[in-house]
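Only one structure is covered here, and it is reproduced in the block below.
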Amino acid sequence: MACSNDVSTLAEEIRLRKKTRFRSAGRLMSLAEESPEQTIEILRELSGDPLPRIILGITGAPGSGKSLLAGRMIAAFRECYPDKVIGVIAVDPSSSISGGAILGDRIRMMQHASDPNVFIRSIASRGQTGGVTLGTMGIISVMGVLGCDMVIVETVGVGQMEFAVKEVADMVAIVMAPGQGDTMQFLKAGMMEIGDMFIINKADRSDFSQFFAQLKNALSLLGRSAKNPVLAVSARDNTGLSELFFVVEKFFARDHLLWEISRKERLELLIQRAIFSEFQKRLKNVLEEKEQDLLKNILEGGTSLSFAVESLIEKLK
Amino acid sequence: MGGYFKMSENINPKRILIGKAGLDGHDRGAKYVAHILRDAGYEVIYTGIRRSPEQIVGSAIQEDVAVIGLSFLSGAHIGLSERVLMLLKEQEASDIIVFCGGVIPEADIPALKEMGIREVFTPGTSDKIIVEKVNGLFK
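In the order they appear, the protein sequences are chains V and A.
Numbering-wise (numbering that gives the first Met the number 0), the first sequence opens with residue 0 and increments by one.
Numbering-wise (numbering that gives the first Met the number 0), the second sequence opens with residue 0 and increments by one.
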């Protein structure tokens, strides 16, 4: 009874809403994660199927409460729309030493694990090469065939992961919590720049109002107040969720065609990056297998850097 | 470079789900096993404590794991393992391998193996043995 590995067979099982469709969806997602080649095959197969209406990215510093918030959003979504399906992709970092990972975001969402209208998939960053974000797009498209109206992509905002979420999500919400710096932090480059909206979590804490005011202040200084809503929520006490959905819906009430164009552009960018990443991999192989002395020669002055590049490209042919 | 800090070349790590079923809040063992499997290069999905067999099997299917590890201290290992295996069968997912660990009396191990649990790790099993045997499950 092993699960098939054939993309069309798996996709058909989901479309026909067979009992095994969740298994098929899970397997398709694994294939999408495995290689950019397979992701492309999946994206092609599913090109005629519906995509989720909303792809919402959630990012923020570790411990700001993203997973619990995502869990609360699932519950609120299921209460508002009993017939609709929601998907969550929770990204956690891979160890650069062992390649392994602990994917623990599910813990905050487990009450939905046996709900057929909720599909949660944990993925590891696997080094965050171009192929990984392309793989995430593959997973999102599988969630589309499953009938997901909304997909939440949740990832920790460190390294380059916050930029990866910008590439797959239509809208990015930055989750912050009191104690994470003051006005100066908000002006620095990085995560703050990519937020379409800001969710200030832990509204139950005593130092909340000061933090909230400082963030609003910084955004107004940057001239972003009108464009980027700031919301107060408490995932612990389950408050502020309906305002959150209101803001998200308002953001998506734009022309549907605009979303399609933007998604297509982003997908092309991801494919471009996957090509670069494959190119880099091949170059590395050539360098390690055939040109072991190249690095030494550069250092000793025997070869110039640009000559080394030329000779590597030549060897690739 | 070499030795401990050799960067990983593990491109597509295998996925394992570690779950704690039933009314049992002692997860030090489960977390430890999750950690050593991570260090052995696996992607480990941890479900947290007090989960139903339905939640564990549902998660394993969505996550497309090849192996499920169940951790027990409560004494309910026979009934809960049976239920997990039955649900996997119902979902046409019997190819997902299940192993157990925790406070399990020696006398119960044959019954667990008989029903289809592939490995049982009792207290005191070294991390090396656990990783070796889990590696073996994938062959």
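Backbone N, C-alpha and C fix where the C-beta goes; we use that ideal spot for every residue, glycine too.
Q.
Ignoring anything shorter than 4 residues, give me the alpha helix (DSSP H) runs that lie fully in the segment 189 to 259 of chain V, in order along the chain.
A. 207 to 220, 240 to 251, all fully within the segment 189 to 259 of chain V.
**Q.** Within chain V, partners of A:GLU43 - CB distance below 9 angstroms
**A.** Numbered from its first residue, the second sequence carries residue 43 of chain A at position 44. Looking at the sequence itself, residue 43 of chain A is Val, so the reference to Glu does not match. The contacting residues are GLY99, ALA100, ILE101, LEU102, GLY103.
Q. In the structure shown, what three-state DSSP assignment does A:SER125 receive?
A. Position 126 of the second sequence, counted from the start, is the residue given in the question as residue 125 of chain A. A:SER125: coil per DSSP, three-state reduction.
Q: State the start and end residues of the unbroken alpha helix (DSSP H) segment that holds A:VAL102.
A: As a position in the second sequence, residue 102 of chain A is number 103, starting the count at 1. Counting along the chain, A:VAL102 falls outside any alpha helix (DSSP H), and DSSP gives it neither H nor E.
Q: For V:ARG105, count neighbouring C-beta atoms within 10 Å of its own C-beta (all shown protein chains included) and say buried if the count is 16 or more, exposed if not.
A: Residue numbering aside, residue 105 of chain V sits at position 106 when the first sequence is read from its first letter. Flag for V:ARG105 reads buried.
(Q) Please list, in chain order, the chain A residues whose beta carbon lies closer than 8 angstroms to that of V:MET142. (A) The count along the first sequence starts at 1 and reaches residue 142 of chain V at position 143. Simply none; closest approach about 11 angstroms.
Q | Close Cβ partners of V:LEU50 (< 6 angstroms) along its chain, the five nearest in sequence each way excluded | A | As a working mapping, residue 50 of chain V is identified with position 51 in the first sequence. Its chain contains GLY143 as the residues whose beta carbon lies nearer than 6 angstroms to that of V:LEU50, once the 5 sequence neighbours on both sides are disregarded; these appear in chain order.
Q) So which residues of chain A does V:ILE106 contact, with C-beta pairs closer than 8 angstroms? A) Here residue 106 of chain V refers to the residue found at position 107 of the first sequence. At a beta-carbon threshold of 8 angstroms, the residues of chain A lying near V:ILE106 are TYR45, THR46, GLY47, ordered along the chain.
(Q) Using only CA atoms, which one of V:ILE198, V:GLN271, V:SER205 lies nearest to V:SER241? (A) To locate residue 241 of chain V, count along the first sequence from 1; it is residue 242. The option with the nearest alpha carbon to V:SER241 is V:ILE198.
Q. Leaving out five residues before and five after A:PHE98 in sequence, what residues of the same chain have Cβ atoms less than 6 angstroms from its Cβ?
A. Taking the second sequence and counting its residues from 1, the one referred to as residue 98 of chain A is at position 99. Result list for A:PHE98: GLY68, ARG117, GLU118, in chain order.
Q.
Between A:ILE108, A:LEU111, A:VAL133, A:GLY24, which has its C-alpha nearest A:SER51's C-alpha?
A. Looking up residue 51 of chain A in the second sequence gives position 52. Closest by alpha carbon: A:GLY24.
Q: Apply the 10 Å Cβ neighbour rule to A:HIS76 and answer buried if 16 or more other Cβ atoms are within range, or exposed otherwise.
A: Here residue 76 of chain A refers to the residue found at position 77 of the second sequence. Residue environment: A:HIS76 is assigned as buried (16 or more neighbouring CB atoms within 10 Å of its CB, all protein chains considered).
Q: Measure the CB-CB distance between A:ILE120 and A:GLY100 and report whether it falls below 8 angstroms.
A: Counting from 1 along the second sequence, the entry for residue 120 of chain A is found at position 121. Counting from 1 along the second sequence, the entry for residue 100 of chain A is found at position 101. Sequence inspection shows Phe at residue 120 of chain A; the Ile mentioned does not correspond to that position. Between A:PHE120 and A:GLY100, the C-beta spacing is below 8 angstroms.
Q.
Which residues of the segment 2 to 30 of chain V have a Cβ closer than 8 angstroms to any Cβ of chain A? Give them in chain order.
A. Cβ contacts with chain A come from CYS2, LYS18, THR19, PHE21, ARG22, ALA24, GLY25, ARG26, MET28, SER29.
Q) So, helix, strand or coil for A:ALA92, using DSSP? A) One-based indexing of the second sequence puts residue 92 of chain A at position 93. Assigned with DSSP and collapsed to three states, A:ALA92 falls in coil, not helix or strand.
Q.
Can you pull the chain V neighbours of A:SER58, defined as C-beta to C-beta under 7 angstroms?
A. Locating residue 58 of chain A in the second sequence gives position 59, where the first residue counts as 1. The answer, in chain order, is ARG105, ALA112.
Q. At what residues does the beta strand (DSSP E) containing V:PHE319 begin and finish?
A. With chain V running from 0 to 316 in the structure shown, residue 319 of chain V is simply not present.
Q. Is V:ALA123 close to chain A, meaning its C-beta is less than 8 angstroms from at least one C-beta of that chain?
A. Position 124 of the first sequence holds residue 123 of chain V. Yes, V:ALA123 counts as interfacial toward chain A.
Q. Which residue comes first and which comes last in the beta strand (DSSP E) that contains A:ARG14?
A. Residue numbering aside, residue 14 of chain A sits at position 15 when the second sequence is read from its first letter. Element bounds for A:ARG14: 14 to 18.
Q. Bridge partners of V:GLY59, per DSSP?
A. What you label residue 59 of chain V is simply residue 60 of the first sequence in a count that begins at 1. Answer by DSSP bridge pairing, in chain order: V:VAL155, V:VAL174.
Q.
Let me see if you follow: with CB-CB separation under 8 angstroms, is V:ARG120 close to chain A or not?
A. Taking the first sequence and counting its residues from 1, the one referred to as residue 120 of chain V is at position 121. True, the Cβ-Cβ gap to chain A drops below 8 angstroms.
**Q.** Residue ranges of each alpha helix (DSSP H) within the segment 28 to 71 of chain A, 4 or longer
**A.** Those alpha helix (DSSP H) runs which fall completely within the segment 28 to 71 of chain A and span 4+ residues are 52 to 62.
(Q) Give me the DSSP bridge partner(s) of A:PHE155. (A) Any answer about residue 155 of chain A is impossible in this case: the structure gives chain A only from 0 up to 138.
Q | Minimum length 4: unbroken alpha helix (DSSP H) runs contained in the segment 19 to 93 of chain V | A | Taking only runs of at least 4 residues, the alpha helix (DSSP H) segments lying wholly in the segment 19 to 93 of chain V are 20 to 33, 35 to 44, 65 to 79.
Q: Look up V:LEU102 in the DSSP assignment and say whether it is helix, strand or coil.
A: By 1-based counting over the first sequence, the position of residue 102 of chain V is 103. The answer is strand: DSSP assigns V:LEU102 an E or B state.
Q. With 16 as the cutoff for other CB atoms within 10 Å, does V:LEU318 come out buried or exposed?
A. In the structure displayed, chain V extends from 0 to 316; residue 318 of chain V sits before or after that span and is not available.
Q: Give the straight-line distance between the Cα atoms of A:GLY115 and V:THR135, rounded to the nearest whole angstrom.
A: Residue numbering aside, residue 115 of chain A sits at position 116 when the second sequence is read from its first letter. Residue numbering aside, residue 135 of chain V sits at position 136 when the first sequence is read from its first letter. C-alpha separation (whole angstroms): 34 angstroms.
(Q) Could you pull the DSSP bridge partners for V:MET149 from this structure? (A) Residue numbering aside, residue 149 of chain V sits at position 150 when the first sequence is read from its first letter. DSSP lists V:ILE53, V:ILE85 as the bridge partner or partners of V:MET149.
Q. Between the C-alpha atoms of A:ALA139 and V:ILE53, what's the straight-line distance to the nearest angstrom?
A. Nothing in the structure corresponds to residue 139 of chain A, since chain A is present only between 0 and 138.
Q.
Quick check: V:ALA60 and V:ASP91, are their CB atoms within less than 8 angstroms of each other?
A. Here the question's residue 60 of chain V lines up with position 61 in the first sequence. Here the question's residue 91 of chain V lines up with position 92 in the first sequence. No, the pair does not count as a contact, with Cβ atoms beyond the cut-off.
Q. Just the Cα atoms here: how many angstroms apart are A:VAL43 and A:VAL66?
A. Here residue 43 of chain A is taken as the residue at index 44 of the second sequence, counted from 1. Here residue 66 of chain A is taken as the residue at index 67 of the second sequence, counted from 1. One C-alpha to the other measures close to 10 angstroms.
Q.
Alpha carbons only, please: which of V:SER95, V:VAL155, V:GLY178, V:GLY70 is nearest the one belonging to V:PHE190?
A. As a position in the first sequence, residue 190 of chain V is number 191, starting the count at 1. Sequence check: residue 190 of chain V is Met here, not Phe. Distance from the Cα of V:MET190 is smallest, within the candidate group V:SER95, V:VAL155, V:GLY178, V:GLY70, for V:VAL155.
Q.
Please return the same chain residues whose Cβ sits closer than 7 angstroms to the Cβ of V:PHE210, not counting the five positions on each side in sequence.
A. Start at 1 with the first residue of the first sequence, and residue 210 of chain V comes out as number 211. Sequence-distant partners of V:PHE210 (beyond 5 residues in either direction) whose C-beta falls short of 7 angstroms from its own C-beta, in its chain, are PRO177, ILE199.
Q: Indicate whether V:LEU27 and V:ILE41 have their beta-carbon atoms separated by less than 8 angstroms.
A: Taking the first residue of the first sequence as 1, we reach residue 27 of chain V at position 28. Taking the first residue of the first sequence as 1, we reach residue 41 of chain V at position 42. The answer is yes: Cβ separation under 8 angstroms.
Q: Flag this pair as yes or no: are the beta carbons of A:THR46 and A:ILE55 separated by less than 8 angstroms?
A: Along the second sequence, one-based indexing puts residue 46 of chain A at 47. Along the second sequence, one-based indexing puts residue 55 of chain A at 56. The answer is yes: Cβ separation under 8 angstroms.
Q) Buried or exposed: where does V:PHE118 fall if 16 or more other Cβ atoms within 10 Å of its Cβ makes it buried? A) The sequence position of residue 118 of chain V within the first sequence is 119, counting from 1. By the Cβ-count criterion, V:PHE118 is buried, with 16 or more other Cβ atoms from all chains shown falling within 10 Å of its own Cβ.
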